[in-house]
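Protein chains in written order, with our numbering: chain A, 955 to 1093; chain B, 340 to 600.
Structure, as structure tokens:
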Amino acid sequence: MNARRAVFAAALLTIAALGGRLSAHHAFTMFDMDKEVTYKGVVVDYMWSNPHVHFTVDIKGGPGIDAATIGRWDVESGSTNIMTRQGWTRATLKPGDPITLVGNPMKDGSKGIHLFYMIKPDGSRLYRDIARPKVEGAK
Amino acid sequence: MDARGVVVAAALLAAFVASGARAAGQQRASADIPDLSGGWVRLDEGSGSFDGTVAKHPPAALTAEGRALRVQGDGRNVIPAGAGTGPANKAGQAYVVNTGGCTPEGTGGSAINHNSAAMFMLQSKDEVLMVREGPGGRRFFMDGRPHPDLARFTPSLYGHSTGRYEGQALVVETVGLNVGTVPGGGKRRPETRLTERFELSADGKQLKITYTWTDPGLYVQPHVYEYLFERLPEDSYALETWCDSSDPLQTQSIVPPEQVQ
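Okay, here's the thing in structure tokens:
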């Protein structure tokens, strides 16, 4: 093993020893994982940190907006490493950004959502994780 | 893992790399050896959701003994069944959903089965290393050594793994795992044998790992499923990660925000 490989391996093994946070660091029974909702709002705060990235979003009232959804929401996403592999960075969002969220709501009606993916203003998507929308016949 | 454990583990692993692995020598891919080295991220082929990805494993066929095998909790799920269906938490009152444990299971993964965290592989003549961007590193002995006597082996999250190349496949056999769960409703114990078959696609850009769990005492038939991975770009590097079980954030999920009038 040459020096570069040794350093690379040492870094990897040290990372393994230090441990880390993964996307599913807890059970999701408090979310209604069978229900998918789409909300449009404005980013209030973006917390790029482990174990899971969180951001808060304000949903305003308007035509066609369910009054029960109006207010400030906590959005739980994945770990920073997993989200980085999906294209997110610590600069992806900033306060004031318009955002469309697709995710799973809380069973108890709290203003919390488990993010599946975000739709950016240009229509492209950023997923929180490796999961992708249903494809019939997919394994 | 507490701070002292982290330091000790890091020092041991660094020493391992500085000595044994260097002496073993890197093994280059060749016509006989598949080039598995580098970074990999698991692929989802459209299961529909996070739960769908988890749930797509074929169900295990357990024997009566297998069904009866008691598995301790994995150290993370502390919310009771039905949680989230009662009164909602007040604003600022976090939903505490985890013990904060810094084990692979405690952080949502598995020492054996990958979730969506990237993993890196490094092949040498005598060992293959598999390390995730999260807790957990595995070592496959390629030097022909046998498994140890399980009576003298302390079962662990990683067990004892030996590997060999069969054509263009890396085949890894693992025993000595502690009692635990297996995707698809399966279970495992130290005597359970896991065979993992690593196979590259023709273009080398995808990796398929086929998992076969064999234990006549626990399974009516071998429990088989596969994961598909995509190779990361060549210049990728492992991202730093960490876990501090004393950090209150490690235990939390949603924190209902204060509502602004």
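Note that the Cβ used here is the ideal one computed from N, Cα and C, for glycine as well.
Could you give the distance in angstroms between the alpha-carbon of B/Pro426 and the alpha-carbon of B/Arg409? What you label residue 426 of chain B is simply residue 87 of the second sequence in a count that begins at 1. What you label residue 409 of chain B is simply residue 70 of the second sequence in a count that begins at 1. About 32 Å.
Identified DSSP bridge partners for B/Leu489: The sequence position of residue 489 of chain B within the second sequence is 150, counting from 1. Per DSSP, none; premise fails for B/Leu489.
Buried versus exposed call for A/Lys1065 [16 or more other C-beta atoms within 10 Å across all chains shown]: Indexing the first sequence from 1 puts residue 1065 of chain A at position 111. Flag for A/Lys1065 reads buried.
Cutting at 6 Å between CB atoms, please list the residues of its own chain near B/Thr501, excluding the five before and the five after it. As a working note, residue 501 of chain B is residue 162 in the second sequence. The answer, listed in chain order, is Phe480 and Glu512.
DSSP three-state assignment for A/Pro1005, whether helix, strand or coil: Counting from 1 along the first sequence, the entry for residue 1005 of chain A is found at position 51. If DSSP states are grouped into helix, strand and coil, A/Pro1005 belongs with coil.
In chain A, what lies closer than 7 Å to B/Asp383 by C-beta? The residue given as residue 383 of chain B occupies position 44 in the second sequence. Simply Ile1084, Ala1085 and Arg1086.
Just the C-alpha distance for B/Ile372 and B/Met469, rounded to the nearest angstrom, thanks. Taking the second sequence and counting its residues from 1, one reaches residue 372 of chain B at position 33. Taking the second sequence and counting its residues from 1, one reaches residue 469 of chain B at position 130. Taking the straight line joining both Cα atoms gives about 16 Å.
When you compare the CB of A/Ala1022 with every CB in chain B, is at least one pair closer than 8 Å? Working through the first sequence from its first residue, we reach residue 1022 of chain A at position 68. False, the Cβ-Cβ gap to chain B never drops below 8 Å.
Less than 8 Å between the C-beta atoms of B/Asn437 and B/Thr590, yes or no? The residue you call residue 437 of chain B lines up with position 98 of the second sequence. The residue you call residue 590 of chain B lines up with position 251 of the second sequence. Against a cut-off of 8 Å, the Cβ pair of B/Thr590 and B/Asn437 comes out as a contact.
Closer than 6 Å by C-beta to B/Ile593: which residues in its own chain qualify, once you throw out the five before and the five after it? Chain order, please. Locating residue 593 of chain B in the second sequence gives position 254, counting from the first residue. Excluding residues within five positions, the ones whose Cβ falls inside 6 Å are Tyr434.
Measure the CB-CB distance between A/Gly1057 and A/Val991 and report whether it falls below 8 Å. Numbered from its first residue, the first sequence carries residue 1057 of chain A at position 103. Numbered from its first residue, the first sequence carries residue 991 of chain A at position 37. A contact, by the Cβ cut-off of 8 Å.
Does B/Ala457 get closer than 8 Å to chain A when you measure Cβ to Cβ? Numbered from its first residue, the second sequence carries residue 457 of chain B at position 118. Closer than 8 Å: yes.
Using a Cβ cut-off of 8 Å (strictly closer), state whether B/Gly414 contacts chain A. Stepping through the second sequence from its first residue, residue 414 of chain B is reached at position 75. Low per-residue confidence applies at B/Gly414: pLDDT is 49, beneath 50, and the placement is therefore not dependable, though the value from the model is reported in the following sentence. Chain A contact via Cβ: absent.
What are the start and end residues of each continuous alpha helix (DSSP H) run of 4 or more residues lying completely inside the region 500–560 of chain B, in chain order? none
C-alpha gap between B/Gln560 and B/Trp581, whole angstroms: Within the second sequence, the letter at position 221 stands for residue 560 of chain B. Within the second sequence, the letter at position 242 stands for residue 581 of chain B. Looking at the two C-alpha atoms, the distance is approximately 39 Å.
Closer than 8 Å, CB to CB, is B/Trp581 near chain A or not? Taking the second sequence and counting its residues from 1, the one referred to as residue 581 of chain B is at position 242. Yes, B/Trp581 lies at the interface with chain A (some Cβ there is under 8 Å from its Cβ).
Alpha carbon to alpha carbon, what distance is there between A/Tyr993 and A/Arg1039? Indexing the first sequence from 1 puts residue 1039 of chain A at position 85. Indexing the first sequence from 1 puts residue 993 of chain A at position 39. The alpha-carbon atoms of A/Arg1039 and A/Tyr993 are separated by roughly 24 Å.
Determine which residues of the region 565–593 of chain B have a Cβ less than 7 Å from any Cβ of chain A, and write them out in chain order. Ala577, Leu578, Glu579, Thr580, Trp581, Cys582, Leu588, Gln589, Ser592 and Ile593
Along the chain, where does the beta strand (DSSP E) containing B/Phe480 start, and where does it finish? Counting from one through the second sequence, the residue named residue 480 of chain B turns up at place 141. Element bounds for B/Phe480: Gly476 to Phe480.
Are B/Gly524 and B/Pro398 closer than 8 Å when you measure CB to CB? Working through the second sequence from its first residue, we reach residue 524 of chain B at position 185. Working through the second sequence from its first residue, we reach residue 398 of chain B at position 59. In this structure, B/Pro398 lies closer than 8 Å to B/Gly524 by Cβ.
Looking at the strands, I want to know which residues DSSP matches up with A/Met1060. On the first sequence, residue 1060 of chain A is found 106 positions in, with the first residue counted as 1. A/Met1060 is bridged to A/Phe985.
Could you check what DSSP says for A/Thr1043 in three-state terms: helix, strand or coil? Along the first sequence, read from residue 1 onward, the residue named residue 1043 of chain A stands at position 89. If DSSP states are grouped into helix, strand and coil, A/Thr1043 belongs with coil.
Have a look at B/Glu404 and A/Thr1023 and give me their C-alpha separation to the nearest angstrom. Mapped onto the second sequence, residue 404 of chain B falls at position 65. Mapped onto the first sequence, residue 1023 of chain A falls at position 69. Those two C-alpha atoms are separated by around 49 Å.
Would you please verify whether the beta carbon of B/Val599 is less than 8 Å from any beta carbon of chain E? Chain labels in this structure do not include chain E; the protein chains are A and B.
Kindly indicate the opening and closing residues of the alpha helix (DSSP H) around B/Val436. Residue numbering aside, residue 436 of chain B sits at position 97 when the second sequence is read from its first letter. Taken as a continuous stretch (DSSP letters only), B/Val436 belongs to no alpha helix (DSSP H), as it is neither H nor E.
Listed in chain order, which residues of the region 1055–1080 of chain A have Cβ atoms closer than 9 Å to some Cβ of chain B? Asn1058, Met1060, Lys1061, Asp1062, Gly1063, Ser1064, Lys1065, Gly1066, Ile1067, His1068 and Phe1070
Along the chain, where does the beta strand (DSSP E) that runs through B/Arg471 open and close? Residue mapping note: residue 471 of chain B aligns to position 132 of the second sequence, counting from 1. From DSSP, the beta strand (DSSP E) with B/Arg471 extends over Glu466 to Arg471.
DSSP state of B/Gln411 mapped onto helix, strand, coil: As a first step, residue 411 of chain B must be located in the second sequence, where it is residue number 72. Coil.
Helix, strand or coil for B/Gln598, going by three-state DSSP, please let me know. Reading the second sequence from its first residue, position 259 is the one you call residue 598 of chain B. Coil, per DSSP.
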